[in-house]
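K.L.:
There's a structure below that I have some questions on.
Protein chains: 2
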Amino acid sequence: MVENGVDALVASSPSNVLYTSDLCPYGRTFVLLPLDRDIEPAVVTPISCPIPVTTMSPPWIGDVRYYGEFYTETDWAEEPLEEDERTLVQAQESWRETKEADPLVLLAEILEQRGLIKGKIGVDDALNEPNQLQDQLGKRLPSVEVVVASHLFMKIRIVKTEEEITRIGEAVRITEKAWGTSLESVRKGMTERDFAYVFNKTILDEGGMPVSHMGMYGAPIAFGRRSAFVDLALPTDYRLKRGDLLRFDGGCSYKGYKADMARTAILGEPNEKLTKFYDAIFEGEELALELAKPGEVASEIFARVVERVIEAGIPHYKRHHVGHGWGLGGYNPPLIGPRDDTVLEEGMLLCLETPYYEVGFGGLMVEDVIVVEEKGPRFLTRFNRKLLSLS
Amino acid sequence: MVENGVDALVASSPSNVLYTSDLCPYGRTFVLLPLDRDIEPAVVTPISCPIPVTTMSPPWIGDVRYYGEFYTETDWAEEPLEEDERTLVQAQESWRETKEADPLVLLAEILEQRGLIKGKIGVDDALNEPNQLQDQLGKRLPSVEVVVASHLFMKIRIVKTEEEITRIGEAVRITEKAWGTSLESVRKGMTERDFAYVFNKTILDEGGMPVSHMGMYGAPIAFGRRSAFVDLALPTDYRLKRGDLLRFDGGCSYKGYKADMARTAILGEPNEKLTKFYDAIFEGEELALELAKPGEVASEIFARVVERVIEAGIPHYKRHHVGHGWGLGGYNPPLIGPRDDTVLEEGMLLCLETPYYEVGFGGLMVEDVIVVEEKGPRFLTRFNRKLLSLS
Numbered sequence: 001m002v003e004n005g006v007d008a009l010v011a012s013s014p015s016n017v018l019y020t021s022d023l024c025p026y027g028r029t030f031v032l033l034p035l036d037r038d039i040e041p042a043v044v045t046p047i048s049c050p051i052p053v054t055t056m057s058p059p060w061i062g063d064v065r066y067y068g069e070f071y072t073e074t075d076w077a078e079e080p081l082e083e084d085e086r087t088l089v090q091a092q093e094s095w096r097e098t099k100e101a102d103p104l105v106l107l108a109e110i111l112e113q114r115g116l117i118k119g120k121i122g123v124d125d126a127l128n129e130p131n132q133l134q135d136q137l138g139k140r141l142p143s144v145e146v147v148v149a150s151h152l153f154m155k156i157r158i159v160k161t162e163e164e165i166t167r168i169g170e171a172v173r174i175t176e177k178a179w180g181t182s183l184e185s186v187r188k189g190m191t192e193r194d195f196a197y198v199f200n201k202t203i204l205d206e207g208g209m210p211v212s213h214m215g216m217y218g219a220p221i222a223f224g225r226r227s228a229f230v231d232l233a234l235p236t237d238y239r240l241k242r243g244d245l246l247r248f249d250g251g252c253s254y255k256g257y258k259a260d261m262a263r264t265a266i267l268g269e270p271n272e273k274l275t276k277f278y279d280a281i282f283e284g285e286e287l288a289l290e291l292a293k294p295g296e297v298a299s300e301i302f303a304r305v306v307e308r309v310i311e312a313g314i315p316h317y318k319r320h321h322v323g324h325g326w327g328l329g330g331y332n333p334p335l336i337g338p339r340d341d342t343v344l345e346e347g348m349l350l351c352l353e354t355p356y357y358e359v360g361f362g363g364l365m366v367e368d369v370i371v372v373e374e375k376g377p378r379f380l381t382r383f384n385r386k387l388l389s390l391s
Numbered sequence: 392m393v394e395n396g397v398d399a400l401v402a403s404s405p406s407n408v409l410y411t412s413d414l415c416p417y418g419r420t421f422v423l424l425p426l427d428r429d430i431e432p433a434v435v436t437p438i439s440c441p442i443p444v445t446t447m448s449p450p451w452i453g454d455v456r457y458y459g460e461f462y463t464e465t466d467w468a469e470e471p472l473e474e475d476e477r478t479l480v481q482a483q484e485s486w487r488e489t490k491e492a493d494p495l496v497l498l499a500e501i502l503e504q505r506g507l508i509k510g511k512i513g514v515d516d517a518l519n520e521p522n523q524l525q526d527q528l529g530k531r532l533p534s535v536e537v538v539v540a541s542h543l544f545m546k547i548r549i550v551k552t553e554e555e556i557t558r559i560g561e562a563v564r565i566t567e568k569a570w571g572t573s574l575e576s577v578r579k580g581m582t583e584r585d586f587a588y589v590f591n592k593t594i595l596d597e598g599g600m601p602v603s604h605m606g607m608y609g610a611p612i613a614f615g616r617r618s619a620f621v622d623l624a625l626p627t628d629y630r631l632k633r634g635d636l637l638r639f640d641g642g643c644s645y646k647g648y649k650a651d652m653a654r655t656a657i658l659g660e661p662n663e664k665l666t667k668f669y670d671a672i673f674e675g676e677e678l679a680l681e682l683a684k685p686g687e688v689a690s691e692i693f694a695r696v697v698e699r700v701i702e703a704g705i706p707h708y709k710r711h712h713v714g715h716g717w718g719l720g721g722y723n724p725p726l727i728g729p730r731d732d733t734v735l736e737e738g739m740l741l742c743l744e745t746p747y748y749e750v751g752f753g754g755l756m757v758e759d760v761i762v763v764e765e766k767g768p769r770f771l772t773r774f775n776r777k778l779l780s781l782s
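Here the protein sequences line up with chains A and B, keeping their order. With the first letter of the first sequence counted as 1, position 113 gets the number 113 in our numbering; the numbers rise by one all the way through. With the first letter of the second sequence counted as 1, position 327 gets the number 718 in our numbering; the numbers rise by one all the way through.
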């Protein structure tokens with residue numbers, strides 16, 4: 001923040017709100033974070049989703065202002081209240097004083113009260129999670145200089161905290177358990193849907209949440225030649241045949257964080273082409289894991305890894321990246337691709353992968369989740385990385 | 392579209408893309424829909440998520456243009472290809488001709504080819520699902536008049552198709568099965584988490600997807616006084632006691648559509664206050680169901696329903712709405728609230744509800760999903776609407 005000359009940051013994208021407050025927002029929410037530690041931070045969030053409901057841990061920010069409209073009766077309790085209930089009463093009481101409909105009015109008010117209306121405010125008006133905060137705040141408070149500081153949030157988030165590593169590690173553990181349990185259930189004639197059911201059910205059993213996209217049944221599972229369809233294919237009634245590949249990519253959610261890993265198996269024995277090609281992507285990923293150290297440059301790792309896969313057995317191998325940062329919201333910088341010159345740092349969390357997709361043949365993948373450390377990668381993934389032959 | 396004078400619509404919000412193309416978008420996607428039926432529609436979507444992977448039904452739009460970067464080998468197949476595989480090959484081949492990175496370049500190109508660059512184009516630059524399409528497209532093609540037409544999409548979507556009613560109906564069926572199965576598993580000492588597990592597992596068993604928000608374990612379940620926390624509370628280790636309420640609100644996903652219904656139960660017998668208050672909200676909801684007919688005005692229904700709850704037993708009842716439209720993306724217009732003068736139409740899908748929340752006491756709710764019809768509401772919900780006493 002000092003480097004960028006901002007006096008305060010305002011988080012408003014769901015990921016940045018969750019990251020800075022551990023608050024899971026259901027409507028437009030702002031988290032104000034002043035540079036000066038003597039100035040109190042603040043949250044603006046809808047009264048329909050008050051703090052005791054939507055935080056995973058006790059809120060560290062005391063000044064919470066509510067907007068919108070939602071009625072909870074607070075005057076009739078006959079017994080002493082629990083702490084969460086008292087927080088809810090406070091929320092209702094403070095909201096009733098203003099019944100303000102517009103969160104921007106509350107944010108502007110706080111900035112005035114904090115003496116921040118002549119300063120420079122960084123907002124996360126990002127392309128991926130767009131909002132019109134820069135425009136809207138600029139119009140409301142002409143004396144404030146509002147700048148887009150999405151890169152600054154990403155910079156803060158690029159090295160993971162131990163809590164983040166723990167949550168992603170747990171998502172990985174649950175995902176590996178689901179893959180293992182699903183593989184044990186494999187039988188000829190099983191459909192992709194059957195397999196996805198075992199996968200998702202195991203995730204629930206272990207305390208995770210299955211991942212879906214727009215409410216689709218989205219376990220990232222494909223059999224046979226269908227494994228050439230990328231990792232977003234919905235599971236179908238396709239039945240597993242002897243000689244078919246089984247591929248999964250992705251994973252479950254755990255406390256807001258997801259896993260992103262991949263493994264490939266086959267029902268029966270691999271033929272010569274499959275063995276050769278899997279070995280090639282495996283060797284490529286091995287090199288990526290070896291190179292993932294502080295001081296290495298993303299684009300250089302990319303070039304060497306693609307070269308390794310080509311030499312090791314897939315002469316026509318083409319790829320746009322061989323890994324990416326990972327965290328809240330999914331993909332995080334850096335991208336281990338040809339145009340990203342990020343120098344790796346201790347504590348970055350990376351998913352490394354060398355996928356190969358061929359129509360009429362299938363998709364091969366091994367993807368691991370690691371933390372970059374001086375002494376070599378700290379693996380969050382533990383499941384056997386080889387091509388598994390099921391009988 | 393004729394009324395609004397637009398020559399074409401461009402859908403870009405995930406809901407509008409899914410609605411107009413049955414395509415489940417994973418990256419920025421545009422669906423161009425010309426007013427003139429002789430002009431061909433088109434889709435612009437990432438090559439990383441090509442059409443055969445991300446549609447639930449065979450695509451009705453033939454002209455699909457891909458941007459981004461993603462490699463799938465297409466030259467090595469030894470056996471005849473399936474239809475999906477051929478579509479994938481075509482996608483890769485057409486993408487390789489341009490390898491365009493920017494979807495806006497492709498959209499502008501299509502508008503030029505279709506002779507639409509001097510027309511008026513409506514985009515869904517909505518507040519709920521914001522994008523900068525209006526600005527971006529306006530800058531790129533100064534001769535086009537780009538207007539925000541989110542309301543037009545909503546107007547098109549406000550009366551549901553039979554396919555939408557079928558999907559929401561199935562989400563409701565699965566949700567009711569989950570609620571029923573969970574109630575059968577109830578025992579004293581059971582935690583909210585245990586109950587939520589049975590609820591979510593039954594949803595998977597029945598072919599639906601549990602709902603989560605930002606990857607949290609979000610089954611909408613609360614026990615006892617915790618039921619006063621609104622329907623977004625995460626399930627906890629709170630243990631069910633005799634005399635506790637059990638409340639759920641929401642439901643599962645099915646093929647992109649969700650359920651939104653609520654029921655309340657109690658372990659044991661209700662006391663006088665609970666009986667009186669539940670009867671009051673029940674009578675209010677009954678009146679809402681009775682009034683939900685073509686020609687009725689949303690704000691008038693709201694006023695009469697709130698009045699009914701007050702008369703029927705909760706003199707201090709306050710509420711900001713007693714129902715809402717429902718469809719893709721969740722809440723749809725109209726809102727059955729004090730400031731919405733929408734006249735109800737045949738085929739609208741509504742969730743009607745009269746929730747009551749009181750700190751130190753609990754939350755009471757009955758919410759039903761219906762289609763507005765001349766002869767009275769067509770119920771998608773079928774589960775017993777009374778306050779259920781469990782022994």
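Cβ coordinates follow ideal geometry from the N, Cα and C atoms, glycine included. Values in this document were obtained by computation on a predicted structure and should not be read as measured data.
1) Whose C-beta lies closer than 8 Å to the C-beta of A/T55 among residues of the same chain, with five residues either side of it excluded?
2) Could you name the residues of the same chain whose beta carbon sits closer than 6 Å to that of B/F590, not counting the 5 residues immediately before and after it, in chain order?
3) Residue ranges of each alpha helix (DSSP H) run of no fewer than 4 residues wholly in the segment 636-686 of chain B, ordered along the chain?
4) Can you tell which of B/V550, B/K684, B/G767, B/G675 has the C-alpha that lies nearest to the C-alpha of B/M756?
5) Are A/D244 and A/F223 touching if we call contact CB-CB under 7 Å?
6) Less than 7 Å between the beta carbons of B/M607 and B/L625, yes or no?
7) Residues in its own chain within less than 6 Å of A/E40 by CB, not counting five upstream and five downstream?
8) DSSP on A/V297, reduced to helix/strand/coil?
9) What runs of the alpha helix (DSSP H), each 4 residues or longer, lie entirely inside the segment 5-85 of chain A?
10) Could one say the Cβ of A/T98 lies closer than 7 Å to chain B's Cβ atoms, at least one of them?
11) Per the DSSP calculation, B/E488 is bridged to which residue(s)?
12) Just mark A/Y257 as buried or exposed, buried being the case when its beta carbon has 16 or more other beta carbons within 10 Å.
13) So A/F277 contacts chain B; which residues on that side make the cut at Cβ distance below 8 Å?
14) Rounding to the nearest angstrom, what Cα-Cα distance links A/L246 and B/E567 in this structure?
15) Provide the residue span of the beta strand (DSSP E) that contains B/K348, from first to last.
16) Nearest-angstrom Cα distance between A/S13 and A/L328?
17) Can you give me the C-alpha to C-alpha distance between A/L390 and A/S185, rounded to a whole angstrom?
18) Rounding to the nearest angstrom, what Cα-Cα distance links A/V371 and A/D194 in this structure?
19) Taking only three categories from DSSP, how would you classify A/R339?
20) When Cβ atoms are compared, which residues of the segment 591-615 of chain B fall closer than 7 Å to chain A?
21) Can you tell me whether A/Y331 is buried or exposed? The criterion is at least 16 other CB atoms within 10 Å of its CB, across all chains shown.
22) Would you say A/E296 reaches chain B, if we count a Cβ-Cβ gap shorter than 7 Å as a contact?
23) Anything in chain B within Cβ reach of A/P41, meaning under 9 Å, just list it in chain order.
24) Buried or exposed: which applies to A/A101, given that a residue is buried once 16 or more other Cβ atoms fall within 10 Å of its Cβ?
25) Which two residues bound the contiguous alpha helix (DSSP H) that contains A/E192?
26) Residues in its own chain within less than 6 Å of B/P437 by CB, not counting five upstream and five downstream?
27) How about A/H74: is its C-beta nearer than 7 Å to some C-beta of chain B?
28) Can you pull the chain A residues whose beta carbon is under 8 Å from the beta carbon of B/R710, in chain order?
29) Between the segment 356-365 of chain A and the segment 268-285 of chain A, do at least 3 Cβ pairs fall closer than 8 Å?
30) Please decide whether B/L479 counts as near chain A, where near means a Cβ-Cβ distance under 7 Å.
31) From the DSSP secondary-structure annotation, give me the bridge partner or partners of A/L390.
32) Around the Cβ of A/D368, are there at least 16 other Cβ atoms within 10 angstroms (buried) or fewer (exposed)?
33) Measure the alpha-carbon distance for B/M652 versus A/R65 and round it to whole angstroms.
34) So which residues of chain B does A/F361 contact, with C-beta pairs closer than 9 Å?
35) Between the segment 73-91 of chain A and the segment 99-119 of chain A, are three or more C-beta pairs nearer than 8 Å?
36) Classify A/V123 as helix, strand or coil using the three-state DSSP reduction.
P.N.:
Answer, in terms of the structure:
1) S21, D22, L23, C24
2) A569, S573, A610
3) 663-682
4) B/G675
5) yes
6) yes
7) D63
8) strand
9) 14-21, 51-54
10) no
11) According to DSSP, which records beta bridges pairwise, B/E488 is partnered with nothing at all.
12) buried
13) Simply none; closest approach about 10 Å.
14) 34 Å
15) Absent from the structure is residue 348 of chain B, since the part of chain B shown begins at 392 and ends at 782.
16) 11 Å
17) 11 Å
18) 34 Å
19) coil
20) N591, K592, L595, M600, P601, S603, H604, M605, G606, M607, Y608
21) exposed
22) no
23) Chain B residues near A/P41: none, gap ~21 Å exceeds 9 Å.
24) exposed
25) 192-205
26) G418, G459
27) Going by the sequence as given, residue 74 of chain A is Thr instead of His. Closer than 7 Å: yes.
28) Y71
29) yes
30) yes
31) A/L267
32) buried
33) 29 Å
34) E464, W467, A468, E469
35) no
36) strand
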